[in-house]
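Everything below concerns the one structure shown next.
There are 2 protein chains.
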Amino acid sequence: MDKKATLKDVAAKSGVSYQTVSKVLNGKANVSAETERAIWQAVEDLDYRTNAAGRNLRTQASRLIGYTWTPAPPWQPNPILDSFLSSTIEAADAAGYHLLLFPTHNTDDETETYRTLARTGRVDGFIVASMDYDDPRVLLLQKLNFPFVAFGRANADWEFPFVDVDGRAGVAAATRHLIEQGHTRLALLAWDGRSRTGDARRNGYFQAMEEAGLSINQDWVIQLPGDVEAGIEATKTLLSLPAPQRPTAVVTVDDQLAIGAMRAAQSAGLLVGPDFGVTGFDDTPGIQHYSPPLTSLRQPLHEIGREIVMRLIALIEGRTIPESIILPPKLVVRGSSLRSQ
Amino acid sequence: MDKKATLKDVAAKSGVSYQTVSKVLNGKANVSAETERAIWQAVEDLDYRTNAAGRNLRTQASRLIGYTWTPAPPWQPNPILDSFLSSTIEAADAAGYHLLLFPTHNTDDETETYRTLARTGRVDGFIVASMDYDDPRVLLLQKLNFPFVAFGRANADWEFPFVDVDGRAGVAAATRHLIEQGHTRLALLAWDGRSRTGDARRNGYFQAMEEAGLSINQDWVIQLPGDVEAGIEATKTLLSLPAPQRPTAVVTVDDQLAIGAMRAAQSAGLLVGPDFGVTGFDDTPGIQHYSPPLTSLRQPLHEIGREIVMRLIALIEGRTIPESIILPPKLVVRGSSLRSQ
DNA sequence: AACGTTCGGGCGAACGTTCGCCTAAAGAAT
DNA sequence: ATTCTTTAGGCGAACGTTCGCCCGAACGTT
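The listed protein sequences correspond, in order, to chains S and Y. Just so you know, we're using the working numbering here: the first sequence kicks off at 17 and counts up by one. Just so you know, we're using the working numbering here: the second sequence kicks off at 17 and counts up by one.
Printed below as a string of structure tokens:
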């Protein structure tokens with residue numbers, strides 16, 4: 017590495033003190049036009065750039081935002097990573113921040129990494145995703161009084177800034193859509209375990225069913241892990257019900273489950289769409305090329321990233337932060353849910 | 017934010033000078049067992065963590081690695097991002113480094129961001145991906161004498177540390193596999209434009225065809241953008257050839273093209289696999305659930321991430337760096353390339 | 001008794017900024 | 001002619017580390 021020019025080098029070259037150079041560069045100066053020109057000239061000649069470590073030390077800020085996510089197994093697509101990261105990075109960049117990625121050590125205490133990053137001043141704030149009830153990260157960051165914005169919510173009575181997607185409204189829309197297609201016997205594939213996101217999506221189904229005056233068969237609501245295999249198994253079970261109780265469509269809370277449902281229905285000789293309706297959640301890139309293309313709910317990831325970053329930076333910089341928001345997903349209708357193709 | 021304990025606080029509490037505390041924490045001390053205990057006790061009591069800005073300034077290092085990628089359009093899956101990032105982060109973390117993500121501004125000079133990040137000392141080195149011939153980033157970083165390791169190669173006569181995947185061997189294996197399935201008329205869908213990666217993959221096809229003594233029809237080699245729509249169009253063209261010159265299988269250089277090929281073949285009433293063989297490249301997560309599941313080439317992303325990071329950190333820390341390596345992708349055979357299902 | 005040696009730890013300095021306060025000179029106002 | 005105000009920029013200090021050098025005391029050696 018070549019050594020870099022410092023403020024002192026620029027100062028020496030332009031004949032002022034280095035503190036004055038600093039002021040000029042930060043627009044806080046009170047200097048003659050001539051001096052200013054000389055300084056900028058020297059900056060250019062030396063290709064001077066403010067040293068990040070020096071600035072960080074002095075300002076007690078890193079201009080870094082921490083983010084982590086739980087990587088999917090290699091055979092499972094991550095429906096949102098690319099879009100979410102790129103919109104986040106872009107928004108952060110516009111405000112002079114960068115994103116720092118850190119790993120999730122599932123071995124030990126999962127909050128330890130957050131604590132270290134916070135206390136060492138490595139990052140100025142966190143984007144906390146994959147939220148869950150009683151999320152220990154929220155507890156920790158609140159105790160540390162450290163800036164963060166969540167993607168999603170936790171316990172109903174916890175207060176913290178967040179941006180969330182209205183999973184209930186989304187799944188309700190999908191359910192209504194299937195009902196409009198003429199289905200009356202609709203099953204639900206939802207996640208097992210309790211999570212706020214899972215509860216919301218499940219409730220969307222209940223809400224839409226109730227509003228349509230449709231009864232819900234206990235056997236139609238299946239809780240399972242969110243992967244294709246589980247979706248296949250569950251759908252097989254559904255299709256083995258006696259004909260009058262057999263559902264003609266299935267609403268799912270993620271695309272993996274929906275893919276499983278499609279595969280199982282197809283193995284059973286059903287035509288997905290006309291015979292058996294399926295909807296997913298996330299609009300995972302690529303599902304438009306499945307046969308049939310999968311109807312799904314698309315989260316406004318670009319907006320989510322922007323809104324999260326905007327709030328977080330306001331929080332970091334001590335400005336007042338806009339109210340938390342809940343954004344609606346968009347139902348993208350494709351062949352898997354259409355009776356007539 | 018609560019204020020954090022510094023070395024001086026720890027020193028005051030344990031009755032030594034703060035410099036001594038620093039030495040103990042870094043294992044360079046020469047102190048009595050008793051003093052050492054007292055210091056560690058104070059560290060624990062105060063929950064002291066080394067301040068990153070202070071250390072960075074003093075050591076002239078950020079312990080940050082820069083990475084950027086070109087985001088895919090939202091409807092296109094990114095086949096490698098999740099796996100590559102997580103393996104990279106993990107490897108970096110193990111060595112005490114973090115990953116800094118920065119955006120690609122396609123508006124202005126694309127190297128400007130690299131230059132700034134390097135000269136401000138924001139990062140200690142780069143992972144440079146999406147390599148191409150005459151890549152200006154390589155030129156810049158070499159001029160700056162700044163540490164980087166590339167994922168992929170550029171011009172044949174350029175020398176720099178890299179980790180690459182043997183695209184030629186991969187596509188050759190896919191081609192041979194189709195030949196073994198009994199195909200003799202094989203087409204190739206390859207990227208237009210020149211890129212080292214594209215050339216390598218294309219050459220894999222030529223190599224395998226030649227080795228098998230099969231002749232190549234000019235019409236069978238199509239250069240096109242790497243997306244599904246282009247794949248569909250190109251395959252339609254192939255299928256409209258007079259029967260004797262019509263290919264019975266197509267080798268592609270990425271999964272998007274392969275998906276396009278499958279769709280076009282299916283629209284033409286062909287059974288993909290038995291009637292028409294297709295292979296892709298990247299083993300994009302999710303393609304195992306297409307109908308039929310797509311045969312593809314899987315890059316050893318976990319190993320790639322590890323090897324890149326290992327080299328980069330060696331470079332940064334001035335250690336001797338292992339030779340660059342070229343890793344083989346693995347052919348994952350699925351229904352799209354099998355004659356008998 | 002004078003001399004080295006090791007042990008245990010102190011101390012000054014520097015990394016590159018930013019920030020608040022100070023001041024010399026010049027011009028304006030009384 | 002004196003005072004007041006602005007203009008233009010200097011200066012000291014501090015952010016929290018790490019590193020090399022120094023030094024006193026204790027100990028053992030001729």
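We put the beta carbon where it would ideally sit given N, CA and C, even for glycine.
Cβ-based burial, residue i [other Cβ within 10 Å; buried from 16]
i	result
residue 150 of chain Y	exposed
residue 277 of chain Y	buried
residue 158 of chain S	exposed
residue 209 of chain S	exposed
residue 235 of chain S	exposed
residue 172 of chain S	exposed
residue 175 of chain Y	exposed
residue 135 of chain S	buried
residue 125 of chain Y	exposed
Minimum C-alpha distance to residue i - residue among the options
i	options	result
residue 114 of chain Y	Y:68, Y:73, Y:147 and Y:86	Y:68
residue 281 of chain S	S:141, S:256 and S:299	S:256
residue 311 of chain Y	Y:197, Y:83 and Y:201	Y:197
residue 279 of chain S	Y:26, Y:272, Y:177 and Y:302	Y:302
residue 74 of chain S	S:269, S:137 and S:106	S:137
residue 142 of chain Y	Y:352, Y:344, Y:220 and Y:327	Y:327
residue 286 of chain S	S:47, S:264 and S:237	S:264
residue 290 of chain Y	Y:333, Y:354, Y:231 and Y:230	Y:354
residue 129 of chain Y	S:29, S:70 and S:106	S:106
residue 298 of chain S	S:80, S:50, S:349 and S:63	S:349
residue 96 of chain S	S:194, S:250 and S:181	S:181
residue 104 of chain Y	Y:222, Y:179, Y:253 and Y:193	Y:179
residue 111 of chain S	Y:119, Y:112, Y:108 and Y:111	Y:119
residue 360 of chain S	Y:308, Y:293 and Y:204	The structure shown does not extend to residue 360 of chain S, since chain S is modelled only from 17 to 357, so the question has no answer here.
residue 306 of chain Y	S:92, S:57 and S:252	S:92
residue 335 of chain Y	Y:100, Y:139 and Y:163	Y:163
residue 23 of chain S	S:191, S:34 and S:30	S:34
residue 338 of chain S	S:191, S:165 and S:147	S:165
residue 82 of chain Y	S:325, S:266 and S:116	S:116
residue 101 of chain S	S:333, S:321, S:345 and S:341	S:321
residue 215 of chain Y	Y:313, Y:170 and Y:296	Y:170
residue 183 of chain S	S:156, S:232 and S:267	S:267
residue 41 of chain S	S:145, S:185 and S:55	S:55
residue 213 of chain Y	Y:270, Y:194, Y:195 and Y:51	Y:270
residue 63 of chain Y	S:28, S:27, S:133 and S:244	S:133
For residue i, three-class secondary structure by DSSP
i	result
residue 324 of chain Y	helix
residue 82 of chain Y	strand
residue 176 of chain S	coil
residue 23 of chain Y	helix
residue 311 of chain Y	strand
residue 101 of chain S	helix
residue 248 of chain S	helix
residue 275 of chain Y	helix
residue 329 of chain Y	helix
residue 299 of chain Y	coil
residue 365 of chain S	Any question about residue 365 of chain S goes unanswered here, given that chain S covers just 17 to 357.
residue 336 of chain S	coil
residue 354 of chain Y	coil
residue 256 of chain S	coil
residue 30 of chain S	helix
residue 281 of chain S	helix
residue 108 of chain Y	helix
Cross-strand partners of residue i (DSSP beta bridge)
i	result
residue 265 of chain S	S:202 and S:293
residue 170 of chain Y	In DSSP, residue 170 of chain Y forms no bridge with anything.
residue 239 of chain Y	Y:206
residue 343 of chain Y	Y:181
residue 288 of chain S	S:292
residue 348 of chain Y	Y:312
- Message: As an exercise, report each continuous alpha helix (DSSP H) stretch of at least 4 residues that is fully enclosed by the region 180-233 of chain S, in chain order.
- Response: Counting only runs of at least 4 residues, the region 180-233 of chain S fully encloses the following alpha helix (DSSP H) elements, listed from N- to C-terminal order: 183-196 and 212-227.
- Going along the chain, which unbroken runs of the alpha helix (DSSP H) with 4 or more residues stay wholly within the region 113-164 of chain Y? Complete alpha helix (DSSP H) runs here, min 4: 128-135 and 152-160.
- Task: Enumerate, from N- to C-terminal direction, the unbroken beta strand (DSSP E) stretches of 3 or more residues contained entirely within the region 35-94 of chain Y.
- Result: Qualifying beta strand (DSSP E) stretches, in chain order: 80-83.
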